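Worksheet: one structure, shown below.
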Amino acid sequence: MRFCFAHDQGMEARNVLCYRSGGAKRFQWCRRERGPVWRRLGFVDRMAVLTSGGDAPGMNAAIRAVVRVGTALGVEVVGVSMGYAGLLTGQMRVLDARTVGGILQHGGTILGTARSPEFESEEGRRKALENLVTRGVEGLIVIGGDGSLRGAHELHKLGFPVVGVPATIDNDIPGTQIAIGVDTALNTAIEAIDRIKDTASSHHRAFIVEVMGRHCGYLALMAGMAAGAEMVLLPEVETRVEAVVDELTRAYARGKLHFIVIAAEGSALKAHYLRDYLSELEDGAFEARLTVLGHVLRGGSPTAFDRILATRLGAAAVEELRQGNSDRLVTYGGSKSNSVDIMKALGDRCGVDMPLYRLANMLAK
Ligand code: F6P
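This is how it looks when you write it as structure tokens:
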């Protein structure tokens, strides 16, 4: 890789920043100061990887796969610290196979992660782009959720090659069947709910367990099914508080010793409101407690499924970039090629699996 100047391209030196690598199959990128135009002629020699948004268990496994597969294929991998915020401040370092040793089994992300309001502006994104280009980076892998992937798409629109890896416990990316971190979060949730059931049965109490998921009810529904909850509250399904009371009354009449409601944080009927409502009912029949699992679900050692998923997706992302593709999201299941356009993969709504929701209700009887 070497930087070249405008005269190499027959362009105005003042307004052109370009670099290229030797060899017929190499990339050659050219960018003008205004309305950048990039030209692709071959493969990448240097790529960057970052993790962004809420961390998800398995992100480290994905970073490891990117670095080790990239290195094995002769690509230098640069790690960006603290997501897009690190791109803006130029916090980058070369990662080699050894730097990613011993991280596979750890939750969180060794690169750090952040939500960067500055990157949301055009000016911020141009600054980030400049930092990538001046360091000779030819492609970027973004490991993160919905917002992070939209950010990657914006960089692509400026002409920079990007590939996304879905990682979010919310599982709110319709283009992939499952994102990195979801399986671990679910297992953490059901372990906690199992424990709560013990105490709930002993006291004959109602428990509301709130789980994360932003505007998406996936985690709540799956945790409710897997842990045998009596009810789930989802953002996608309207549930009145009176319906919960009816259900609760019938459950105790059937001889149930507890009543567990899994409430998605995004559901309209809020967990704390429900707890207060049940506790304040006039006859005082239902003693209710609330447990908010919150960030507990984001931590911990990734499950085998998440480690393998992250490894496969990380490796696939390197391959996508090497093949000269951009604006793609590597995915699990779904399309044959296992990658889709980023914006096609994202959606406004999560789309709850209604048959599964009905099944969960049936099983709760
Ligand atoms: O997107 C992941 C997530 O954990 C959501 O489930 C939750 O709503 C949000 O992030 C919490 O964000 P923060 O960690 O910034 O409070």
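Under this note's numbering, the sequence shown is numbered contiguously, ending at residue 360.
Yeah, the Cβ is synthetic: ideal placement off N, Cα and C, and Gly gets one too.
Here the structure is a predicted model, which means the values were calculated and not measured.
#### Entry: For Asp301 and Gly176, believed in contact at Cβ under 8 Å, the rounded distance
Between Asp301 and Gly176 the Cβ distance is about 6 Å, and since that is below 8 Å, they are a contact.
### Message
Within the continuous alpha helix (DSSP H) that includes Leu269, where are the two ends?
### Response
Where Leu269 is concerned, the enclosing alpha helix (DSSP H) starts and stops at 266 to 274.
### Message
Tell me the DSSP secondary structure of Val158 in three-state form.
### Response
In the three-state scheme derived from DSSP, where H, G and I count as helix and E and B as strand, Val158 is classed as strand.
#### Entry: Leu324 versus Asn356 - alpha carbon distance
Those two C-alpha atoms are separated by around 34 Å.
### Message
Can you look up Ile337 in the DSSP assignment and give me helix, strand or coil?
### Response
Looking at Ile337 - three-state DSSP - the assignment turns out to be helix.
### Span separating the alpha-carbon of His253 from that of Arg293
A direct Cα-to-Cα measurement between His253 and Arg293 gives close to 27 Å.
### Distance CB(Thr94)-CB(Thr46) smaller than 7 Å
No.
### Rounded C-alpha distance that separates Ala195 from Val160
Between the alpha carbons of Ala195 and Val160 lies a gap of roughly 39 Å.
### Query
Using DSSP with H/G/I as helix, E/B as strand and the rest coil, what is Lys54?
A small fix is needed here, since residue 54 is Met in this sequence, not Lys. It is helical.
### Query
At which residues does the alpha helix (DSSP H) containing Phe281 begin and terminate?
In the DSSP assignment, Phe281 falls outside any alpha helix (DSSP H) and carries neither an H nor an E.
### Message
Let me check you understand the geometry: is the CB of Gly294 closer than 6 Å to at least one non-hydrogen atom of ligand 1?
### Response
Because no heavy atom of ligand 1 lies under 6 Å away, the Cβ of Gly294 does not count as near it: no.
### Query
How about Thr306 and Ala67: are their beta carbons less than 7 Å apart?
Annotated as distal: Thr306 and Ala67, with beta-carbon spacing of 7 Å or more.
### Task
Quick one: residues in its chain with C-beta nearer than 8 Å to the C-beta of Pro31, no 5 flanking neighbours on either side, listed in chain order?
Bear in mind that the predicted position of Pro31 carries a pLDDT of just 47, short of 50, making it unreliable; the figure below should be weighed with that in mind. Here the set comprises Leu124, Leu153, Gly154.
### Query
Are the beta-carbon atoms belonging to Leu99 and Gly74 less than 7 Å from one another?
In this structure, Leu99 lies away from Gly74, with their beta-carbon atoms at least 7 Å apart.
### Task
Compute the Euclidean distance between the alpha carbons of Tyr352 and Val157, then round it to the nearest angstrom.
Each residue's alpha carbon lies about 36 Å from the other.
### Task
Give every residue whose Cβ lies closer than 7 Å to any heavy atom of ligand 1, listed in chain order.
Proximity annotation: ligand 1 has residues Gly48, Gly49, Arg110, Gly140, Thr163, Ile164, Asp165, Met207, Gly208, Arg209, Glu260, His290, Arg293 in chain order, each selected because its CB is closer than 7 Å to a heavy atom of the ligand.
### Query
In the DSSP assignment, what are the bridge partners of Thr366?
The requested residue 366 is not part of the displayed model; the chain covers only -4 to 360.
### Query
How big is the Cα-Cα spacing for Ala43 and Met77?
Approximately 13 Å between the Cα atoms of the pair.
### Message
So, for Ala222: in the same chain, excluding its five sequence neighbours on each side, which residues have a beta-carbon less than 8 Å away from its beta-carbon?
### Response
Cβ neighbours of Ala222 beyond the five flanking positions: Ala184, Ile185, Ile188, Asp189, Lys192, Ile255, Ile257.
### Query
Going along the chain, which residues of its own chain have a beta-carbon closer than 7 Å to the beta-carbon of Pro112, five neighbours each way excluded?
Taken in chain order, the list of residues that qualify is empty.
### Query
Considering Met207, what are the terminal residues of the beta strand (DSSP E) in which it resides?
Met207 -> no beta strand (DSSP E), and no H or E assigned at all.
### Message
What residue range does the alpha helix (DSSP H) around Ile188 cover?
### Response
Annotation: the continuous alpha helix (DSSP H) that includes Ile188 extends over 177 to 198.
### Message
Here's the rule: buried if 16 or more other CB atoms are within 10 angstroms of the residue's CB, otherwise exposed. What is His290?
### Response
Exposed is the call here.
#### Entry: Cβ-Cβ separation, Tyr213 to Asp165 (assumed contact under 8 Å), whole Å
At roughly 7 Å, the Cβ-Cβ gap stays under 8 Å, so Asp165 and Tyr213 are in contact.
#### Entry: Helix, strand or coil at Glu113 [DSSP, three-state]
Here Glu113 sits in helix by DSSP.
### Task
Could you pull out every residue in the same chain whose Cβ sits closer than 6 Å to the Cβ of Cys211, ignoring the five residues on either side in sequence?
Excluding five sequence positions before and after Cys211, the CB atoms of its chain that fall closer than 6 Å to its own CB belong to Asp165, Asp167, Cys345, given in chain order.
#### Entry: Burial state of Met349, where buried means 16 or more other Cβ atoms lie within 10 Å
With fewer than 16 other beta carbons inside 10 angstroms of its own, Met349 counts as exposed.
### Query
Exposed or buried, what is Thr244 when buried is set at 16 or more other beta-carbons lying within 10 Å of its beta-carbon?
By the 10 Å Cβ count, Thr244 comes out exposed.
### Message
Would Val227 and Ala238 qualify as a contact pair, given that the criterion is a beta-carbon distance under 7 Å?
### Response
Annotated as distal: Val227 and Ala238, with beta-carbon spacing of 7 Å or more.
### Task
Quickly, what does DSSP pair Thr46 with across the bridge? List them, please.
Answer is Ile138, bridged to Thr46.
### Task
Report the option in Ala280, Asp343, Gly140, Gly261 whose CA atom is closest to the CA atom of Ala248.
The residue with the shortest Cα to Cα distance from Ala248 is Ala280.
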